[in-house]
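The structure under discussion appears below in the form of structure tokens.
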Amino acid sequence: MAGHSKWANIQHRKGRQDAKRGKIFTRLIKEITVSARMGGGDPAMNPRLRLAVDKATENNMPKDNIERAIKRGTGDLEGVSYEEIRYEGYGIGGAAVIVDCLTDNRTRTVADVRHAFSKHGGNLGSDGSVAFLFKHCGQLVFAPGTPEERLLDAALEAGAEDVVANDDGSIEVITGPYDFPGVKAALEKAGFKAEVAEVTMKPATETVLEGEDAVRMQKLLDALESLDDVQEVFTSAAMDEAA
Numbered sequence: 200m201a202g203h204s205k206w207a208n209i210q211h212r213k214g215r216q217d218a219k220r221g222k223i224f225t226r227l228i229k230e231i232t233v234s235a236r237m238g239g240g241d242p243a244m245n246p247r248l249r250l251a252v253d254k255a256t257e258n259n260m261p262k263d264n265i266e267r268a269i270k271r272g273t274g275d276l277e278g279v280s281y282e283e284i285r286y287e288g289y290g291i292g293g294a295a296v297i298v299d300c301l302t303d304n305r306t307r308t309v310a311d312v313r314h315a316f317s318k319h320g321g322n323l324g325s326d327g328s329v330a331f332l333f334k335h336c337g338q339l340v341f342a343p344g345t346p347e348e349r350l351l352d353a354a355l356e357a358g359a360e361d362v363v364a365n366d367d368g369s370i371e372v373i374t375g376p377y378d379f380p381g382v383k384a385a386l387e388k389a390g391f392k393a394e395v396a397e398v399t400m401k402p403a404t405e406t407v408l409e410g411e412d413a414v415r416m417q418k419l420l421d422a423l424e425s426l427d428d429v430q431e432v433f434t435s436a437a438m439d440e441a442a
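Quick note, the numbering used here runs 199 ahead of the 1-based positions in the sequence shown.
And the structure:
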């Protein structure tokens with residue numbers, strides 16, 4: 200659609216996430232615990248745990264909290280046992296939605312997720328219904344005006360998979376999910392600071408929503424993200440001006 204800006208959409212999404220940081224410690228502790236349980240308590244030998252610990256550190260989580268979460272995962276401390284569940288569905292305009300959860304009660308979680316979808320105009324789909332539309336990857340987004348050729352050289356030298364220049368001047372660097380920390384560190388050392396840096400599920404194509412459709416889609420995403428068992432919500436919807 201005319202006027203759609205990748206950069207505006209990314210900034211909008213980042214602002215929404217920043218506004219919800221009150222829940223981030225709880226979600227990070229869950230992720231650290233599960234990562235340690237599945238792959239061991241040494242971040243150097245467990246790439247998923249390393250990503251979780253890095254994210255916790257970036258969000259100023261105290262070291263003691265991180266260490267306790269790891270010990271709960273490895274069984275050195277008692278704690279709740281969580282299981283991973285992924286739900287897939289459709290939002291407004293057929294936009295794809297992935298909802299990643301960590302829960303100690305599968306029955307409660309699926310009921311909550313289904314209710315959020317149905318209440319806000321979406322539909323819960325079957326396993327695999329939309330996941331193929333997304334790529335699990337690291338994503339670093341740089342502001343318009345970033346020197347493209349220097350960033351391209353630095354990113355490829357650091358081991359990035361791809362560098363994408365958007366029409367609005369923003370630049371995305373795409374990495375393998377577990378190559379992300381190394382590429383991010385190398386680019387920062389080269390003087391490039393990303394506005395958004397995360398491991399994500401990146402949609403292959405976006406569904407651009409405007410006006411009332413964008414508002415309705417944002418309400419659905421907010422409802423899903425507010426659920427206690429939800430860790431991450433990914434969508435193909437692109438909304439520059441959602442409420």
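Even for Gly, the Cβ is constructed at its ideal location relative to N, Cα and C.
Put simply, of F379, G327, E387 the residue whose alpha carbon is nearest the alpha carbon of R285 is G327. Ranked by how close their Cα comes to the Cα of S435, the residues N264, A251, L332 have L332 in first place. Counting only residues of its own chain and dropping the five nearest sequence neighbours on each side, T308 has a CB closer than 6 Å to the CB of C300, T302, D428. DSSP, read as helix, strand or coil, puts P261 in coil. Residue burial annotation: N259 is exposed, with fewer than 16 other C-beta atoms found within 10 angstroms of its C-beta.
Contiguous alpha helix (DSSP H) elements confined to the segment 361-394 occur at 379-388, taking only those with 4 or more residues. By the neighbour-count definition (other C-beta atoms within 10 Å, threshold 16), S280 is an exposed residue.
Assigned with DSSP and collapsed to three states, T302 falls in strand.
Residue environment: A255 is assigned as buried (16 or more neighbouring CB atoms within 10 Å of its CB, all protein chains considered). By alpha-carbon distance to E411, the top candidate from E277, G320, E397, R267 is G320.
Across the structure, V407 and L419 are spaced so that their CA atoms are roughly 15 Å apart. The three-state reading of DSSP puts V414 in helix, counting H, G and I together. By the CB criterion at 8 Å, G381 and A357 fall inside the cutoff. DSSP places V233 inside the alpha helix (DSSP H), whose first and last residues are 223-238. In the structure shown, the three-state DSSP call for E348 is helix. Assignment of M438 by DSSP, reduced to helix, strand and coil, places it in the coil class. Each residue's CA atom was taken as its position, placing V395 and D378 some 16 Å apart. Out of C336, H335, M237, the CA that lies nearest to the CA of G274 is found in M237. Of the candidates M400, K401, V398, A437, A437 places its Cα closest to the Cα of V414. Annotated as proximal: I231 and V252, with beta-carbon spacing under 8 Å.
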